[in-house]
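Quick notes on the structure that follows.
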Amino acid sequence: MPDPSMLLKDEPGKRVLLLGNESIARGILESGIGVVTTYPGTPASEIGDTISAIAQEAGVYMEYSVNEIVAVEVAGGAAACGVRALAAMKHVGLNVASDALMTLAYTGVRGGLVIVAADDPECYSSQNEQDSRLYALLSNLPCLEPSNPQEAKEMVAYAVEISEKLELPVILRTTTRVSHTRAPVTFGKLSKPSLKGEFIRDVKRFVMVPANARPRHDVLLERMEKAKEITETSPYNTIKPKGKDKEYGIISSSSAYNYAVEAAELLGLDIDFLKLGMTHPLPEKLIGKFLKEHSKAIVVEELEPYLELHVKAIAKDCALSTEVYGKQYFPRSGELSTRLVLKGLAAITGRKLPINFEDLDKRYAEVSERLPPRPPILCAGCPHRASFYVIKRAAGEKAIYPTDIGCYALGIAPPLKVGDILVCMGAGIGTAQGISKVTGADTIAIIGDSTFFHAGIPRLLNAVYNKHKIVVAVLDNLTTAMTGHQPHPGTGVTGMQVSTEPIAIEKVAEGCEVKLVRVVNPFNVREAEKAIKEALQFPETSLIVFRAPCALLLVREKRRKGLEIVPFKINEKCTNCMACIKLLGCPAIILKEDKTVAINENICVGCGLCANICPYNAIAPAKTSPEARAK
2 MPDPSMLLKD EPGKRVLLLG NESIARGILE SGIGVVTTYP GTPASEIGDT ISAIAQEAGV
62 YMEYSVNEIV AVEVAGGAAA CGVRALAAMK HVGLNVASDA LMTLAYTGVR GGLVIVAADD
122 PECYSSQNEQ DSRLYALLSN LPCLEPSNPQ EAKEMVAYAV EISEKLELPV ILRTTTRVSH
182 TRAPVTFGKL SKPSLKGEFI RDVKRFVMVP ANARPRHDVL LERMEKAKEI TETSPYNTIK
242 PKGKDKEYGI ISSSSAYNYA VEAAELLGLD IDFLKLGMTH PLPEKLIGKF LKEHSKAIVV
302 EELEPYLELH VKAIAKDCAL STEVYGKQYF PRSGELSTRL VLKGLAAITG RKLPINFEDL
362 DKRYAEVSER LPPRPPILCA GCPHRASFYV IKRAAGEKAI YPTDIGCYAL GIAPPLKVGD
422 ILVCMGAGIG TAQGISKVTG ADTIAIIGDS TFFHAGIPRL LNAVYNKHKI VVAVLDNLTT
482 AMTGHQPHPG TGVTGMQVST EPIAIEKVAE GCEVKLVRVV NPFNVREAEK AIKEALQFPE
542 TSLIVFRAPC ALLLVREKRR KGLEIVPFKI NEKCTNCMAC IKLLGCPAII LKEDKTVAIN
602 ENICVGCGLC ANICPYNAIA PAKTSPEARA K
């Protein structure tokens with residue numbers, strides 16, 4: 002969808018090809034949601050990005066919050082005033098938001114509140130593959146799971162409906178395969194959002210001191226009993242299609258359902274499916290009925306055996322002899338696929354696999370040998386490469402480098418090899434303190450600008466307060482780059498595309514009483530190296546901001562202004578010493594078939610880092626830039 006304004010068309014029945022996340026954005030517009038908050042994180046990023054692009058025209062308030070708990074708190078505050086709200090985040094963001102979410106379950110809401118949690122089976126862009134359905138169980142909140150983009154759109158409105166009926170937040174759990182699948186979506190009617198709310202004071206409901214919290218827990222339990230009635234008749238919990246074979250029945254949800262349907266068709270299984278779209282609370286009566294009609298039930302789900310454990314419990318409660326098959330045949334880790342489900346179903350039913358996977362694997366291996374490897378790498382001209390080069394040059398191999406979530410996590414790749422431990426957002430600074438304390442080694446915590454605002458500040462305060470001798474290296478490329486160049490407090494732009502006062506990281510550090518703060522351009526190698534060496538000698542916490550814009554934004558801005566991008570090239574002075582390749586690993590610097598070094602001028606953005614480190618001055622601009630000619 003190249004133009005997000007397409008979502009503003011009030012044309013019910015119109016069919017548009019949308020990503021699952023774009024479908025959720027359309028669902029927001031059809032549900033009259035007035036407040037949308039998010040912290041960008043794949044696979045949820047496009048929800049906020051799409052709404053941000055059209056928020057003003059749609060009459061919606063949208064913000065990129067500094068982190069997920071703030072996003073939930075802002076949305077929860079609006080919903081407490083009767084305004085419909087939605088907070089979107091990736092699965093690990095729900096960890097950050099959970100403190101607020103657990104208590105919002107007690108206070109409840111007056112306007113619909115939807116919490117979108119996008120899970121990432123297979124860890125395509127995450128540090129773990131946790132299952133957010135367990136948060137629904139932990140918080141005792143309703144949970145919906147779409148299996149395709151159409152359902153993703155529809156379930157936003159359904160979540161709002163349930164939320165307002167029960168006065169509870171509702172979790173909408175997607176997965177990467179739903180969020181990033183593109184499929185035809187039929188539009189419904191747009192609903193005008195309301196941003197006018199009223200806070201009606203109710204201390205016993207909203208102020209969760211112990212005396213108020215205890216009775217509110219009972220209220221939550223009562224409302225979830227009503228939720229059990231809703232789930233039994235939910236249009237998203239259905240038996241389909243009715244097969245002739247009553248021996249087997251398949252229970253599934255989310256994207257796993259799609260694999261199960263395809264695998265059953267390939268095996269020629271004519272069996273019933275119980276498709277679950279509202280997975281907390283589960284429709285126990287409907288599941289019990291399904292189990293009674295089948296002697297063997299196969300549960301197909303990704304990640305944790307959430308459905309399986311509940312189905313087994315229901316079978317026991319109903320004193321049924323139905324055999325339940327699950328994770329002993331399907332993997333508990335990673336993303337499912339038609340192949341994995343096909344093999345599991347074949348093993349359970351005794352059917353022969355219709356596809357020779359061993360032959361396919363052999364052919365794939367043969368083809369793969371001829372394909373060049375394509376690991377994720379820092380872009381040509383990325384300022385982080387310059388930062389890592391300088392840091393490693395100044396601190397060497399003996400220093401320890403706790404790192405963080407963002408593009409700079411790619412610093413672990415050779416030849417840079419900067420990054421020794423990565424846990425979660427902001428943990429680079431936190432783990433650095435423990436490492437420094439018990440090893441006495443030079444410890445440099447790597448963190449990005451957006452991550453610093455998200456979770457770095459409390460860790461920095463802790464370091465200063467407890468006098469930890471660490472260096473905090475903030476790699477500031479003036480954007481939230483890895484998730485799609487979203488704004489953050491340091492950019493001076495909000496999610497509403499409105500200018501605001503940019504917050505300087507160095508000023509924040511000074512406000513945290515960091516005594517040694519420096520700001521350097523990483524492409525100024527000498528200055529940057531001097532700053533790092535100074536910081537390593539400092540007896541307490543120090544902070545260096547390596548500031549240079551993201552190369553992609555720089556190139557985009559030059560093209561927008563009609564400025565020429567002057568690449569670099571290797572001249573006759575080159576001795577083929579390989580320093581540029583061995584030290585930098587820039588994708589624009591290549592080895593030709595004759596084993597000589599060259600620069601791919603189609604990729605090079607002209608940052609000049611390679612020229613800076615070449616010992617023979619054998620790298621120079623391909624031609625004199627207009628700026629140099631003007632001088």
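2 is the number of the first residue of the sequence shown in the working numbering; add one for each residue after it. Glycine is no exception: its CB is placed at the ideal position from the N, C-alpha and C atoms.
Open item on the list: Just to confirm my understanding: we take E97, look at its own chain, exclude 5 residues before and 5 after, and list those with CB closer than 6 Å. What are they?
Closed with: The residue labelled residue 97 in the question sits at position 96 within the sequence shown. A quick correction: the sequence has Val, not Glu, at residue 97. Closer than 6 Å at the Cβ level, and outside the excluded window around V97, lie N68, E69 and I70.
TODO: Alpha carbon to alpha carbon, how far is S195 from T232? Give it in angstroms, no decimals.
DONE: The sequence position of residue 232 within the sequence shown is 231, counting from 1. The sequence position of residue 195 within the sequence shown is 194, counting from 1. So the alpha carbons of these two residues sit roughly 28 Å apart.
Open item on the list: Give me the DSSP bridge partner(s) of H281.
Closed with: Walking along the sequence shown from the start, residue 281 turns up at place 280. Bridge partners of H281: C144.
TODO: Taking only heavy atoms of the ligand FMN into account, decide whether any of them is closer than 7 Å to the Cβ of G412.
DONE: Looking for the ligand FMN in the displayed structure turns up nothing, as the structure carries no ligands at all.
Task: Inter-stretch contact at 8 Å, needing at least 3 Cβ pairs: the region 48-62 / the region 488-500 - done: yes
TODO: Determine, using beta carbons only, whether P403 and F547 come nearer to each other than 8 Å.
DONE: Numbered from its first residue, the sequence shown carries residue 403 at position 402. Numbered from its first residue, the sequence shown carries residue 547 at position 546. No; because the gap between Cβ atoms is not below 8 Å, this pair is not in contact.
Task: Beta-carbon proximity check, G327 vs V300, cutoff 8 Å - done: Taking the first residue of the sequence shown as 1, we reach residue 327 at position 326. Taking the first residue of the sequence shown as 1, we reach residue 300 at position 299. Contact: yes.
Task: Distance between G427 and V515 (C-alpha atoms, nearest Å) - done: Stepping through the sequence shown from its first residue, residue 515 is reached at position 514. Stepping through the sequence shown from its first residue, residue 427 is reached at position 426. In a straight line, the C-alpha of V515 is about 17 Å away from that of G427.
Open item on the list: Helix, strand or coil for L476? Go by DSSP, reduced to three states.
Closed with: For the purposes of this step, residue 476 is identified with residue 475 of the sequence shown, where counting begins at 1. Here L476 sits in strand by DSSP.
Open item on the list: Does A80 come out as helix, strand or coil in the three-state DSSP assignment?
Closed with: Here residue 80 is taken as the residue at index 79 of the sequence shown, counted from 1. Here A80 sits in helix by DSSP.
- [ ] Could you give the DSSP three-state label for Y249: helix, strand or coil?
- [x] Residue numbering aside, residue 249 sits at position 248 when the sequence shown is read from its first letter. Residue state, collapsed to three classes: strand.
Task: Among E336, K531, E302 and A414, the one whose alpha carbon lies nearest that of E146 - done: What you label residue 146 is simply residue 145 of the sequence shown in a count that begins at 1. Selected option, being the one with the closest Cα: E302.
- [ ] With DSSP as the reference, please indicate the residues paired to S254 in a beta bridge.
- [x] Along the sequence shown, read from residue 1 onward, the residue named residue 254 stands at position 253. DSSP lists L277 as partners of S254.
- [ ] Below 8 Å on the Cβ atoms is my guess for T182 versus G21; work out the distance and round it to an integer in Å.
- [x] In the sequence shown, residue 182 corresponds to position 181, counting from 1. In the sequence shown, residue 21 corresponds to position 20, counting from 1. At roughly 5 Å, the Cβ-Cβ gap stays under 8 Å, so T182 and G21 are in contact.
Open item on the list: Can you look up Y62 in the DSSP assignment and give me helix, strand or coil?
Closed with: Residue 62 sits at position 61 when you count from the first residue of the sequence shown. Strand, per DSSP.
Task: Within 8 Å, strictly: CB atoms of P633 and C611 - done: No information on residue 633 is available, as it lies outside the stretch 2 to 632 that the chain covers here.
Task: Nearest-angstrom Cα separation, counted from V391 out to I471 - done: Within the sequence shown, residue 471 is the residue found at index 470, counting from 1. Within the sequence shown, residue 391 is the residue found at index 390, counting from 1. If I take the Cα positions, the gap works out to 17 Å.
Task: Spatial distance of A119 from E336 (CA atoms) - done: Along the sequence shown, read from residue 1 onward, the residue named residue 119 stands at position 118. Along the sequence shown, read from residue 1 onward, the residue named residue 336 stands at position 335. When the Cα atoms are used, A119 and E336 turn out to be separated by approximately 14 Å.
TODO: List the whole-angstrom C-beta distance separating A184 from G28, where the pair is believed to meet the contact cut-off of C-beta under 8 Å.
DONE: Along the sequence shown, read from residue 1 onward, the residue named residue 184 stands at position 183. Along the sequence shown, read from residue 1 onward, the residue named residue 28 stands at position 27. Actually they do not touch by this definition, with Cβ atoms about 14 Å apart.
- [ ] With Y365 as the anchor, note down where its alpha helix (DSSP H) starts and where it stops.
- [x] Here residue 365 corresponds to residue number 364 of the sequence shown, with the count starting at 1. First-last of the alpha helix (DSSP H) with Y365: F358 to S369.
Open item on the list: Does the contact criterion of 3 or more C-beta pairs under 8 Å hold for the region 341-358 versus the region 309-321?
Closed with: Note that the region 341-358 does not touch the region 309-321; fewer than 3 beta-carbon pairs, one per stretch, sit closer than 8 Å.
Open item on the list: Residues in the same chain with beta-carbon distance under 7 Å from N601, minus the five sequence neighbours each way, listed in chain order, please.
Closed with: Taking the sequence shown and counting its residues from 1, the one referred to as residue 601 is at position 600. Result list for N601: A589 and I591, in chain order.
Task: Distance CB(A106)-CB(S140) smaller than 8 Å - done: Counted from its first residue, the sequence shown places residue 106 at position 105. Counted from its first residue, the sequence shown places residue 140 at position 139. For A106 and S140, yes; Cβs fall inside 8 Å.
- [ ] Name the two residues that bound the continuous alpha helix (DSSP H) containing Y125.
- [x] One-based indexing of the sequence shown puts residue 125 at position 124. It is not in any alpha helix (DSSP H) - Y125 carries neither H nor E in the DSSP assignment.
Open item on the list: I'd like the ranges of any alpha helix (DSSP H) spanning at least 4 consecutive residues and lying wholly in the region 451-511.
Closed with: 458-466
Open item on the list: Using only the alpha-carbon positions, how far apart do E31 and F524 sit?
Closed with: The residue you call residue 31 lines up with position 30 of the sequence shown. The residue you call residue 524 lines up with position 523 of the sequence shown. Distance between the alpha carbons of E31 and F524 is about 48 Å.
TODO: Return the CA-CA distance between R519 and I406, expressed in angstroms with no decimal places.
DONE: Sequence index remark: in the sequence shown, residue 519 carries index 518 (1-based). Sequence index remark: in the sequence shown, residue 406 carries index 405 (1-based). Looking at the two C-alpha atoms, the distance is approximately 22 Å.
Task: Enclosing alpha helix (DSSP H) for P1 [first to last residue] - done: It is not possible to answer for residue 1, since the shown part of the chain is limited to 2 through 632.
Task: Rounded straight-line distance, which links the Cα of K154 to that of V17 - done: On the sequence shown, residue 17 is found 16 positions in, with the first residue counted as 1. On the sequence shown, residue 154 is found 153 positions in, with the first residue counted as 1. In a straight line, the C-alpha of V17 is about 12 Å away from that of K154.
Open item on the list: Please classify S322 as buried or exposed, where buried requires at least 16 neighbouring CB atoms within 10 angstroms.
Closed with: Taking the first residue of the sequence shown as 1, we reach residue 322 at position 321. Looking at its Cβ environment, which holds fewer than 16 other Cβ atoms inside 10 Å, S322 is exposed.
TODO: Return the bridge partner residues of Y326 from the DSSP annotation.
DONE: For the purposes of this step, residue 326 is identified with residue 325 of the sequence shown, where counting begins at 1. Per DSSP, I299.
TODO: Kindly list the residues whose CB is nearer than 7 Å to the CB of S500, restricted to its own chain and excluding five residues on each side of it in sequence; keep chain order.
DONE: The residue labelled residue 500 in the question sits at position 499 within the sequence shown. Result list for S500: G493 and V494, in chain order.
Task: Cutoff 8 Å; reference T440; Cβ partners in own chain excluding five residues on either side - done: For the purposes of this step, residue 440 is taken as residue 439 along the sequence shown, with counting starting at 1. Closer than 8 Å at Cβ, skipping near neighbours: I401.
Task: Bridge-paired residues (DSSP) for S195 - done: Along the sequence shown, one-based indexing puts residue 195 at 194. None, per the DSSP bridge assignment.
TODO: Would you check if there are 3 or more beta carbon pairs closer than 8 Å linking the region 207-225 to the region 45-56?
DONE: no
Open item on the list: When you compare the CB positions of A395 and I533, do they come within less than 8 Å of one another, or not?
Closed with: If you number the sequence shown from 1, residue 395 lands on position 394. If you number the sequence shown from 1, residue 533 lands on position 532. Closer than 8 Å, so yes.
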